[in-house]
Amino acid sequence: MFDRGAGDKIARARFVGLALAVALLGGCSMPAPVASLKNVKASSAQGSIELLPLTARTLPPASPLAQSSFPNSFLQAGEFDYNSVGPGDHLTVRIWENGAPGTPGLFTATGGAGDVGELVVDQSGRIYIPYAGSIRVSGLSVSEIRAEIRQRLRTVIANPQVEVRATDTRSRLVSVQGAAAKGGSYPIERGRSRLSQILAEAAPDQKNPEMLAVTVRRDGKAGTVRLSDVYGDPQQDIALRPGDSIILSDVVENVTVLGATGAQGTIQIPKRDFTLIEALGEAKGLSPDTADPRAVFVLRSRPGVQAPPLVYQVDMRRPETIALANRFTLQPNDVVLVSNAPFAQTKQVLLSIAQAMASVRNAALAVP
Numbered sequence: 116m117f118d119r120g121a122g123d124k125i126a127r128a129r130f131v132g133l134a135l136a137v138a139l140l141g142g143c144s145m146p147a148p149v150a151s152l153k154n155v156k157a158s159s160a161q162g163s164i165e166l167l168p169l170t171a172r173t174l175p176p177a178s179p180l181a182q183s184s185f186p187n188s189f190l191q192a193g194e195f196d197y198n199s200v201g202p203g204d205h206l207t208v209r210i211w212e213n214g215a216p217g218t219p220g221l222f223t224a225t226g227g228a229g230d231v232g233e234l235v236v237d238q239s240g241r242i243y244i245p246y247a248g249s250i251r252v253s254g255l256s257v258s259e260i261r262a263e264i265r266q267r268l269r270t271v272i273a274n275p276q277v278e279v280r281a282t283d284t285r286s287r288l289v290s291v292q293g294a295a296a297k298g299g300s301y302p303i304e305r306g307r308s309r310l311s312q313i314l315a316e317a318a319p320d321q322k323n324p325e326m327l328a329v330t331v332r333r334d335g336k337a338g339t340v341r342l343s344d345v346y347g348d349p350q351q352d353i354a355l356r357p358g359d360s361i362i363l364s365d366v367v368e369n370v371t372v373l374g375a376t377g378a379q380g381t382i383q384i385p386k387r388d389f390t391l392i393e394a395l396g397e398a399k400g401l402s403p404d405t406a407d408p409r410a411v412f413v414l415r416s417r418p419g420v421q422a423p424p425l426v427y428q429v430d431m432r433r434p435e436t437i438a439l440a441n442r443f444t445l446q447p448n449d450v451v452l453v454s455n456a457p458f459a460q461t462k463q464v465l466l467s468i469a470q471a472m473a474s475v476r477n478a479a480l481a482v483p
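The sequence shown begins at 116 in our numbering and counts up by one.
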């Protein structure tokens, strides 16, 4: 006669065995979270990447940003003559005539000083004064303009005295835009003829001068340097020219850290010459439990070049390689990848198997 209790035990044992087999198979096929050293070498063998172990010979040069400079035409320009006037400038002119008090003159009905009024230098660089005619003043200083007017009026006025003042110097304005507390237009004048002097007044964000770009546009050309370069290199403190545009902008560049580190994700580059060691420090270092110190990689694409991506392999077990990593300057959009060690993957598989077995055991106990 068939024992129903024995049949239930057999069914439960079969269920447990089947579930355990599925769990074991699933655990053994668990994929690695990131590419392993073996995977990277396989991609190199297939020609999908160019793998370079980091050595003194393969250490890439510093980023070109470290040598950024304004164009030669900007560097070689001398100081602008800020005493001269040009088109768009406003001048006021007063003329004293040598005559008896109360006697009408050419510029006043009662004698004394006569105001010609505010004159605007036209696009041809000229102003017009009655009895003196059209006078070309562009490129002349105020004292030279005064002497020219006086010379012309001598034919109609005995010993004229002339006063000329520049009230609005629009011909020598430069503009400051972007990350500055006091952006706007500034005239080139004494104490305000060089880039650093204008920046001192415009008050750019000083929190991180290395990561603030200063772009100067002039006559269809442009050059960009970092604010720290303007302060540190006298050659980059260029003389300004009328019409210059100065644009201040934050430099936002990132690298990505993946794999067996203390923290993964995107890291904003905090300074120029940001090195691999500094990036790993920002990511809280290699994980002591899972990282493979032989397999720290820097993945670098080469836009516009018909060549596979560069992958630098850094063996962190070797002190000389760690020293090189401290000189390895990362570029924007680089990816730092730290592979898991083989034992870590095995440990993860065994842990998954143990968890699966525990789940199966609990399920079996729940079967009546």
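Yeah, the Cβ is synthetic: ideal placement off N, Cα and C, and Gly gets one too.
Spanning the alpha carbons of glutamate 194 and leucine 355 requires a straight line of approximately 7 angstroms.
A residue is called buried once 16 or more other Cβ atoms fall within 10 Å of its Cβ, and threonine 376 is buried on that count.
Runs of beta strand (DSSP E) with 3 or more residues, each lying fully within the segment 188-267, are found at 205-211, 228-235, 241-244, 248-251, listed in chain order. The alpha-carbon of asparagine 441 is positioned some 28 angstroms away from that of alanine 160.
The count of Cβ pairs closer than 8 angstroms, one atom from the segment 303-322 and one from the segment 230-245, stays below three, leaving the stretches out of contact. Between the alpha carbons of isoleucine 353 and proline 245 lies a distance of about 42 angstroms. Restricting attention to Gly299, Gln446, Arg341, the CA atom closest to the CA of lysine 322 is found in Arg341. A distance below 8 angstroms separates the beta carbons of glutamate 233 and threonine 282. Aspartate 348 sits exposed, since fewer than 16 C-beta atoms from the chains shown fall within 10 Å of its C-beta. Per the coordinates, the alpha-carbon of serine 286 lies some 9 angstroms from the alpha-carbon of serine 199. Look at the beta carbons and you see the segment 405-425 touching the segment 149-168: at least three pairs across the two are nearer than 8 angstroms.
In this chain, the beta strand (DSSP E) harbouring alanine 328 covers 327-333. The C-alpha of aspartate 365 is placed about 33 angstroms away from the C-alpha of threonine 436. For leucine 391, the uninterrupted alpha helix (DSSP H) segment begins and ends at 391-397. One thing to note: glutamine 276 has its Cβ within 8 angstroms of the Cβ of tryptophan 211. For the options Val367, Asp388, Phe389, Ala394, the alpha carbon positioned closest to that of glycine 380 is the one of Ala394. By the C-beta criterion, the segment 317-331 is judged not to be in contact with the segment 165-176, since fewer than 3 inter-stretch pairs fall below 8 angstroms. By DSSP's assignment, arginine 415 forms a beta bridge with Leu425.
Secondary structure in the segment 306-394: the alpha helix (DSSP H) runs of 4 residues or longer, each lying completely within the stretch, are 310-317, 342-347 in chain order. Cβ contact annotation for alanine 247 (same chain, cutoff 7 angstroms, sequence separation greater than five): Ile264, Arg267, Leu268, in chain order. Excluding five sequence positions before and after glutamate 278, the CB atoms of its chain that fall closer than 6 angstroms to its own CB belong to Arg209, given in chain order. In the DSSP assignment, serine 158 falls outside any beta strand (DSSP E) and within the unbroken alpha helix (DSSP H) covering 152-160.
Per DSSP, the beta-bridge partners of aspartate 283 are His205.
Annotation: the continuous beta strand (DSSP E) that includes glutamate 165 extends over 165-168. Residue state for threonine 436 is assigned as helix, using DSSP reduced to three classes.
In this structure, DSSP gives proline 302 an extended state, which the three-state scheme calls strand.
About 6 angstroms separates the CB atoms of alanine 295 and alanine 318; that is less than 8 angstroms, so the two are in contact. By the 16-neighbour rule on beta-carbons within 10 angstroms, asparagine 448 is exposed. Distances from the CA of glycine 306 to each of Tyr427, Tyr197, Asn455, Asp430 were compared; the closest alpha carbon is that of Tyr197.
Threonine 170 sits exposed, since fewer than 16 C-beta atoms from the chains shown fall within 10 Å of its C-beta.
For proline 186, the three-state secondary structure derived from DSSP is coil. With respect to serine 290, serine 300 sits close: the two C-beta atoms are nearer than 8 angstroms. Taking 8 angstroms as the cut-off, the beta carbon of threonine 330 is found no closer than this to the beta carbon of isoleucine 382.
Closest in C-alpha terms to aspartate 404, from the list Ser454, Leu439, Asp430, comes Ser454.
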